[in-house]
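Undergrad: Before anything else, here's the structure in question.
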Amino acid sequence: MNLYIRLLLLFFKIKRNKQYQNLLDTIDIDYKALPTDCDINLHLTNSRYLAMMDLSRTWMTERVGLLKQIMKRRWFPIVNATAITYIRDIKPMQRYTISTRLVGWDHKYFYIEQKFHSERGLHAIAFVRGVFKSKKGIISIEEMLEVAGFDGQTPILPSEVMHWKEMLEQKKLSNLP
0 MNLYIRLLLL FFKIKRNKQY QNLLDTIDID YKALPTDCDI NLHLTNSRYL
50 AMMDLSRTWM TERVGLLKQI MKRRWFPIVN ATAITYIRDI KPMQRYTIST
100 RLVGWDHKYF YIEQKFHSER GLHAIAFVRG VFKSKKGIIS IEEMLEVAGF
150 DGQTPILPSE VMHWKEMLEQ KKLSNLP
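Numbering (numbering that gives the first Met the number 0), first residue to last: 0 to 176.
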């Protein structure tokens, strides 16, 4: 239930947003780990990290000026893969920040880095691979970049993302019939 409340609060925040950033900027959003976000080990439960990452990517989409364009076109984001490394737990009632940034793209996918951090340091780091879709199919990277008004250089993907991509391809190949 509290995720729906957080989503509503995010929509209010989006409605009031007047500040926009560049497509490749790091976008921060602050949260507090509520007791309902935590498990019996008294820390943020693993599934909550992924849910909070979803909200943070929505905020990033707004802050880079894409949310209205995406909604107008009836595009929707699809996560294809996620890799997360947990480093330090987040305790109940602890404040933390999620920093989200688009680190690059290839012929099909966007790659996003998300970091959970607080005054205690880095808590988790994740990479997310995804696309945008419409009823007609996957939206091309070129079309997305055009809608975003991006005319800069394509960033070089970090080495850890390149290794992750290779691992994902190997998983797919080794599981084909």
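Even glycine gets a Cβ: it sits at the ideal position worked out from N, Cα and C.
Note that the structure is a prediction, hence the values are computed from the model and not measured.
#1: Flag this pair as touching only if the stretch 32-45 and the stretch 10-20 have three or more C-beta atom pairs under 8 Å; answer yes or no.
#2: Can you give the beta carbon distance from L121 to R87, rounded, assuming they're within the 8 Å contact cut?
#3: Does the beta-carbon of R128 have 16 or more other beta-carbons within 10 angstroms, so that it is buried, or is it exposed?
#4: Are three or more beta carbon pairs between the stretch 144-152 and the stretch 57-70 nearer than 8 Å?
#5: Could you check which residue in N79, Y48, T81 and Y19 has the C-alpha nearest to that of T60?
#6: Looking only at DSSP bridge pairs, what is S133 linked to?
#7: For E112, report the span of its beta strand (DSSP E) as first-last.
#8: Using the Cβ count rule (16 or more neighbours within 10 Å means buried), how would you classify F109?
#9: Using CA coordinates, which residue listed in G103, K170, T96 and G64 is at the minimum distance from N21?
#10: Over the uninterrupted alpha helix (DSSP H) stretch that includes D53, give me the two end residues.
#11: Which residue from L49, R119 and G136 puts its Cα closest to that of R72?
#12: Quickly, what does DSSP pair R72 with across the bridge? List them, please.
#13: Regarding H122 and the ligand ZN, is the C-beta to nearest heavy atom distance less than 7 Å?
#14: Would you give the residue range spanned by the alpha helix (DSSP H) that Y19 belongs to?
#15: Under a three-way DSSP split, which group does N40 fall into?
#16: What residue from R62, I28 and Y48 has the CA that sits closest to T35's CA?
TA: In brief:
#1: Too few Cβ pairs lie closer than 8 Å, so no.
#2: Their Cβ separation, rounded to whole angstroms, is 7 Å, which keeps L121 and R87 in contact under 8 Å.
#3: Counting Cβ neighbours within 10 Å, R128 comes out buried, since at least 16 surround it.
#4: Segment contact: the stretch 144-152 against the stretch 57-70, three or more CB-CB distances shorter than 8 Å; contact assigned.
#5: Nearest of N79, Y48, T81 and Y19 to T60, Cα basis: Y19.
#6: Residue pairing for S133: DSSP places it in a beta bridge opposite G136.
#7: Start and end: F109 to S117.
#8: Looking at its Cβ environment, which holds 16 or more other Cβ atoms inside 10 Å, F109 is buried.
#9: The option with the nearest alpha carbon to N21 is G64.
#10: N45 to R62 is the span of the alpha helix (DSSP H), which, as asked, contains D53.
#11: Comparing Cα positions, the closest option is G136.
#12: Looking at the DSSP assignment, R72 forms no beta bridge with any residue, so it has no partner.
#13: In the structure on display, the ligand ZN does not appear, and there are no ligands present to speak of.
#14: If you look at Y19, you'll find it isn't in any alpha helix (DSSP H); DSSP assigns it neither H nor E.
#15: Of the three classes helix, strand and coil, the one that applies to N40 here is coil, per DSSP.
#16: Of the candidates R62, I28 and Y48, the one whose C-alpha sits nearest the C-alpha of T35 is Y48.
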